[in-house]
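Notes follow once the structure below has been shown.
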Amino acid sequence: MSVTVSIPTPLRPFTGGRDTLEVAGETVGQVLEQLLATHTGLKRHLMQDDGRLRNFVNMYLNETDIRHLASTATPVRAGDVLTIVPSIAGGAPAAAEAKALSHAETLRYSRHLLLPEVGVTGQRKLKAARVLTIGAGGLGSPVSLYLAAAGVGTIGIVDFDVVDLTNLQRQIVHGTSTLGRPKLDSAEERLTDLNPNVRIERHETRLTSENALEILGEYDIVVDGTDNFPTRYLVNDACVLLGKPNVYGSIFRFEGQASLFYAEKGPCYRCLYSEPPPPGLVPSCAEGGVLGVLPGIIGSIQALETIKWIIGAGTSLLGRLVLFDALKLRFRELELRKDPACPICGTNPTIHELIDYEAFCGIGAEPAYAGPEISAEELRRELHTKGQNLVLVDVREPHEWEIAHIEGATLIPLSQLPERLSELDGHAEIVTQCHHGARSMKALEILKGAGFGKVRSLAGGIDAWAERVEPGMARY
Amino acid sequence: MTVRLSPALVEEIRVHAERAYPTECCGVLAGQVSEVKEVLHLVPATNRRTDDPHRYLISPDDLRSIELSLRSSGEDILGCYHSHPDHAAAPSMFDTDQAWPWYSYIIVRVDQGRAVELTSWVLDDDRSRMHQEQLDVLSEV
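Protein chains in written order, with this note's numbering: chain V, 857 to 1332; chain L, 120 to 260.
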């Protein structure tokens, strides 16, 4: 038996220009087979290599799409009309296809492409990758610079700070020309200048329990460049909950640490540090200082681990904590194990959603000692009127004293205060003073405890003094 | 084969593409074939792909009804046009994979909402690639 096969215009060059053909067969499949046997040029346009119809080729038996019948097994009867109907599809380069490298990119990344471990495949993976950097500061600078230079296609940055002069000693993604401007603007300009192929996604916000899952959820891998414990636990927990790797780094003075946390395959930050240190015990870089090169080294390790993760090369830092001592120039390595009792990634987790990290880290929950304070302006007035009767005790460290100090103050570093109380006149009015007002409050607590009655702390420390009373004084 | 169409039709494609930006537009080229493919009018089609702004699909049902409606006037489907929002006016790998032989595929590049470039392409017989064909824009006589 034979049916009429209706040929659409684009296929007529392969049927000698004929728009219908009579073809024999019992089923649609047999008719098709017979058709292709007699008109071989049709085959590559209608059939895939695996012998199935191409997805844009549609066959209608009379008025019905054979997909709604028994497909190619549909029986045919004499007089049926089998119509080949095109569907037309296409579109701009798809996401994966767009990750092909242009000539300019091939040249730009040639030193990567020469490495078999990277190669074109690895470079395309980098181009397709989406990395989120938390913070555009000391760690975020080298991380974002190296990731951009390496050709990571999309870099998200979370930061809401502005570029300050004290940042530039280590935050090398910013510059003197961008002082006072949002760090996101500054970083975006520098990074797109370094590599215009990189797309920078801006998140000008403080990372919170409310927005973290949404922001982190858009990325493949997260690089933690935060400088405080609440955010570090927040980033860790969000990564665990989302099942994303977290490239960790932290720095203080001359020492740094780095690791790769990935709860799906190894430990998380909480497996290492189940609880944060008491508030105030570990000073921030702003309080304790940091050698500018240090974040360059730790941040570069984070960028390295990120790139290795994306291209799947080498051995990652998963399950290892690298400790770096810049003064000794020594790297040490600790083995990290997943903690079965970990409250978020252990066998019986107790944390199932993001919590209040400020409270968890004891910030605001148990207020630090709150003694009486004196403003910088009032201190100047009283120093003027009371003279020798007002004793100003500077509880900072000697090297801070060297940077700047208030005329007439006495230097007793906080750590030495308990042993040196005898140096102070118990009847005099005492004002304690430090850099920003935190240590001087602790000093106040010590003095009160020792029976000193008339003691106050300089609100805002010497920084407030330098800003509002003595503008010529150096700030740090 | 050369594709010939009037400036008015080119403008029609541009307007359609700009209106659809940032998604892709698509439509059918209708006309007659002599020594050239003479496009006489356009049939804007509904893009049946709604999941991805960088894809278009003219369904077989739509194409069949367009073909039937053309038959009475002795016209045929000569190919289609579609836009590439913020992409070159050159066929993507996907365009080539999905292409029919003989049909002309006009691609209009739309940069930031403005249609800038119009090219026409046809599939090689071995399906390996699409080659550009001549596009004659002639004033209507």
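C-beta: ideal position from N, C-alpha, C; glycine also.
Asn1102 of chain V carries a strand assignment under DSSP once its states are collapsed to helix, strand and coil. Taking C-alpha positions only, Gln1244 of chain V is separated from Arg1237 of chain V by approximately 13 Å.
Within the stretch 177-197 of chain L, contact with chain V at the beta-carbon level (separation under 7 Å) is assigned to Ile177, Ser178, Pro179, Leu182, Arg183, Asp195, Ile196.
As for any alpha helix (DSSP H) of minimum length 4 sitting wholly inside the stretch 1105-1133 of chain V, the runs are 1125-1128, ordered along the chain. Chain V has no Cβ within less than 7 Å of the Cβ of Ser239 of chain L. Per DSSP, Phe1180 of chain V is one residue of the beta strand (DSSP E) stretching across 1176-1181.
Taking a Cβ-Cβ threshold of 9 Å, the residues of chain V close to Glu143 of chain L are Gly946, Gly947, Ala948, in chain order. Contact of Pro220 of chain L with chain V is assigned, a C-beta pair being separated by under 7 Å.
Taking C-alpha positions only, Ser223 of chain L is separated from Val941 of chain V by approximately 17 Å.
Secondary-structure assignment with DSSP links Asn914 of chain V through a beta bridge to V:Val941. Taken in chain order, the whole beta strand (DSSP E) runs of length 3 or more contained in the stretch 1235-1272 of chain V are 1246-1250.
Nearest in C-alpha terms to Phe1187 of chain V, of all of V:Val1178, V:Leu982, V:Ile944, V:Lys981, is V:Val1178. For the stretch 864-882 of chain V, the residues whose beta carbon sits under 9 Å from a beta carbon of chain L are, in order, Pro864, Thr865, Pro866, Leu867, Arg868, Pro869, Phe870.
Here DSSP, grouped into helix, strand and coil, assigns Cys1095 of chain V to helix. The C-beta of Ser943 of chain V comes closer than 7 Å to at least one C-beta of chain L. Chain-order list of chain V residues neighbouring His135 of chain L: empty, with the shortest C-beta distance near 15 Å, by a criterion of under 9 Å. As the crow flies, the alpha-carbon of Glu1234 of chain V is around 55 Å from that of Gly1009 of chain V. Counting C-beta pairs closer than 8 Å gives fewer than three between the stretch 1116-1129 of chain V and the stretch 962-970 of chain V, which falls short of the contact rule.
His968 of chain V sits in a helix when the DSSP states are folded into three classes. Not flagged as an interface residue toward chain V: Arg228 of chain L, since no C-beta distance is shorter than 7 Å.
Annotated three-state conformation of Lys981 of chain V is helix, per DSSP. Unbroken alpha helix (DSSP H) runs of no fewer than 4 residues, entirely contained in the stretch 1264-1320 of chain V, are found at 1295-1305, following chain order. Here the stretch 218-233 of chain L makes contact with the stretch 193-205 of chain L; the two share three or more CB pairs at distances below 8 Å. As the crow flies, the alpha-carbon of Leu995 of chain V is around 14 Å from that of Gly1012 of chain V. At the C-beta level, Arg1026 of chain V and Gly1148 of chain V come within 7 Å of one another.
Residue range 156-164 is occupied by the beta strand (DSSP E) that includes Pro163 of chain L. Secondary structure of Ser958 of chain V (DSSP, three-state): coil. For the pair Leu1192 of chain V and Pro1123 of chain V, the CB atoms are nearer than the 7 Å cut-off. Tyr175 of chain L and Asn1084 of chain V have their C-alpha atoms roughly 48 Å apart. Contact holds between the stretch 1157-1167 of chain V and the stretch 1068-1085 of chain V, because three or more Cβ pairs, one in each stretch, are under 8 Å apart. Neighbours of Arg246 of chain L in chain V, taken as residues at a C-beta separation under 8 Å, are given in chain order as Arg900, His901.
Residue state for Asp216 of chain L is assigned as helix, using DSSP reduced to three classes. The stretch 186-195 of chain L and the stretch 125-135 of chain L do not touch, with fewer than three beta-carbon pairs separated by less than 8 Å. Closer than 7 Å to the CB of Asn914 of chain V there is at least one CB belonging to chain L.
Per DSSP, the beta bridge partners of His201 of chain L are L:Cys145, L:Ile226.
When secondary structure is reduced to three states using DSSP, Ala1226 of chain V falls in the coil class, being assigned neither helix nor strand.
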